[in-house]
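> Numbering (the working numbering), first residue to last: 6 to 109. Ideal Cβ positions, reconstructed from N, Cα and C, are used throughout, including at glycine. From a predicted model like this one, the values you see are computed outputs, not experimental measurements. First the structure, which I've put down as structure tokens, then a few questions once you've had a look.
Next comes the structure, spelled out in structure tokens:
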């Protein structure tokens, strides 16, 4: 399953693994949308292999639940706390520009 997560995490400049009923997942997805980023969003509860991918993400993040799990430029950034910290510190937009997710 690590291979599947690795492959999906590089399909776009920003990839977000979520669950459809997760309010923090919606918040993070909305932030990227408001910034003008067209992220690939994978709702794990709607994927037949979603539970296995969740376990892999939990292992990588060392936390449960592992969603939202955000990848920028193919690299695991983290979950809501990390994304919001980067945004508030003014570091998220430069990271997105570096990954080719934004053109300002």
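#1: Buried or exposed: which applies to residue 9, given that a residue is buried once 16 or more other Cβ atoms fall within 10 Å of its Cβ?
#2: Rounding to the nearest angstrom, what Cα-Cα distance links residue 39 and residue 48 in this structure?
#3: By the three-class DSSP mapping on this structure, what secondary structure does residue 96 have?
#4: What separation, rounded to the nearest whole angstrom, lies between the Cα atoms of residue 101 and residue 19?
#5: For residue 80, which beta-bridge partners are listed by DSSP?
Once the coordinates are examined:
#1: Exposed is the call here.
#2: For residue 39 and residue 48, the distance between alpha carbons rounds to 19 Å.
#3: Annotated three-state conformation of residue 96 is coil, per DSSP.
#4: Here the alpha carbon of residue 101 sits roughly 8 Å from the alpha carbon of residue 19.
#5: Looking at the DSSP assignment, residue 80 forms a beta bridge with 77.
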